[in-house]
Structure formats: C-alpha cells, structure tokens
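Peer 1: Sharing a structure with you now.
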Amino acid sequence: MKKIDLNCDMGESYGAWKMGDDAGVMPLITSANIACGFHGGDPATIRKTVRLAVDNGVAIGAHPSLPDIQGFGRRVMKISPQDMYDLVVYQAGAVEAFAPRRGRAAAPREMPRRALQHGGGRRRPRRKRWRARRRISAA
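With numbering that gives the first Met the number 0, letter number 101 in the sequence shown gets 100, and the count goes up by one each step, no holes.
Written out as structure tokens, the structure is:
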C-alpha cells in the first residue's frame with residue numbers, strides 16, 4: 000500500500016511573535032520540519048513543537064536556515080560549504096536535543112530553508128544544490 004507523507008514547516012514562532020497554527024495543523028500531518036532558531040523558532044517554541052509532534056504521532060525533522068532572523072532566512076549570504084555544514088549540524092542538534100526528552104528521536108532528515116538550499120541564496124542547478132544536503136544527511 001502506498002503512503003503519502005503530509006509534511007509541514009512548523010515551530011516558526013519566535014518569542015512574542017506568533018506564526019501559524021501549529022496546534023491546529025499538527026493532527027493533520029505525518030511529518031514536521033521544526034524551525035531551529037535561525038529564521039524562526041526559539042528554545043521554548045522548539046520544545047513545544049516537539050511535544051505537539053510526539054503527542055500527535057508526527058515524525059520530527061529539522062528545518063535549518065541561514066542565520067537571518069530579521070529576513071526569515073531568505074536573504075542572500077556568502078557562506079562557505081564548511082560553515083553551511085556547521086550551521087545545519089548545529090541547528091539539527093537543537094531539535095534533536097528536545098526529541099529524546101519526549102520519548103522520540105528526531106528523524107535523520109533536514110529540510111533546509113530556501114536560501115540555504117540555494118547555497119546561501121545563490122541559485123545553482125538542482126543537482127549541485129542537493130549534493131551538499133546528501134553529504135550532510137550521511138554524516
């Protein structure tokens with residue numbers, strides 16, 4: 000039997016700034032990309048979003064981005080491949096740190112914010128852009 004993964008970016012609120020209806024959407028999806036704090040999300044929001052996902056049986060993944068909270072992770076930044084790798088590992092670790100405390104390990108998946116997918120905001124052919132992601136997932 001074929002299955003469809005209904006995936007959604009979640010946990011993008013930051014402090015007093017609220018974005019989206021995570022509690023209303025979570026029961027409708029099967030996996031969540033949780034913002035890691037660099038474009039949205041903060042420690043309390045990550046914790047609450049992980050709890051919502053676990054309570055609803057939703058798979059957890061990280062949603063890392065460039066360090067651009069004011070631009071919501073969408074602005075172009077010059078960044079080396081090593082710095083990009085370090086940013087993704089750091090942010091995925093933030094989400095993963097909350098997951099075991101809720102009785103669930105974070106899935107080994109990341110869905111980078113759009114500017115991060117494009118290598119710091121520079122457009123590249125799709126094949127080259129995702130090559131870096133595959134290396135990160137395998138590390």
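The beta-carbon is built from N, C-alpha and C at its ideal position, and this holds for glycine as well.
(1) Just to confirm the assignment, what range does the beta strand (DSSP E) spanning residue 59 have?
(2) Alpha carbon to alpha carbon, what distance is there between residue 29 and residue 2?
(3) Using 8 Å as the threshold, is the C-beta distance between residue 87 and residue 63 below it?
(4) Quick one: is residue 0 buried, meaning 16 or more other Cβ sit within 10 Å of its Cβ, or exposed?
(5) Expressed to the nearest angstrom, what Euclidean distance is found between the alpha-carbon atoms of residue 32 and residue 73?
(6) Buried or exposed: where does residue 8 fall if 16 or more other Cβ atoms within 10 Å of its Cβ makes it buried?
(7) Given residue 51, which residues of its chain have a CB within under 7 Å of its CB, disregarding the five upstream and five downstream residues?
(8) Assuming residue 75 contacts residue 59 (C-beta within less than 8 Å), just tell me the rounded distance between them.
(9) Would DSSP call residue 9 helix, strand or coil?
Peer 2: Looking at the coordinates:
(1) In the sequence shown, the residue the question calls residue 59 occupies position 60. Residue range 58–62 is occupied by the beta strand (DSSP E) that includes residue 59.
(2) As a working note, residue 2 is residue 3 in the sequence shown. As a working note, residue 29 is residue 30 in the sequence shown. Each residue's alpha carbon lies about 10 Å from the other.
(3) Translated into the one-based positions of the sequence shown, residue 87 becomes position 88. Translated into the one-based positions of the sequence shown, residue 63 becomes position 64. Taking 8 Å as the Cβ cut-off, residue 87 and residue 63 qualify as a contacting pair.
(4) Here residue 0 refers to the residue found at position 1 when the sequence shown is read from its first residue. It is exposed - the Cβ of residue 0 has fewer than 16 other Cβ atoms within 10 Å.
(5) For the purposes of this step, residue 32 is identified with residue 33 of the sequence shown, where counting begins at 1. For the purposes of this step, residue 73 is identified with residue 74 of the sequence shown, where counting begins at 1. Approximately 17 Å between the Cα atoms of the pair.
(6) Along the sequence shown, read from residue 1 onward, the residue named residue 8 stands at position 9. Residue 8 should be labelled buried.
(7) Within the sequence shown, residue 51 is the residue found at index 52, counting from 1. So the list reads 21, 22, 25, once near-sequence residues are dropped.
(8) Position 76 of the sequence shown, counting from 1, holds the residue named residue 75. Position 60 of the sequence shown, counting from 1, holds the residue named residue 59. With 8 Å as the limit, residue 75 and residue 59 do not qualify as a contact, their Cβ atoms being about 29 Å apart.
(9) As a first step, residue 9 must be located in the sequence shown, where it is residue number 10. DSSP places residue 9 in the strand class (E or B) of the three-state scheme.
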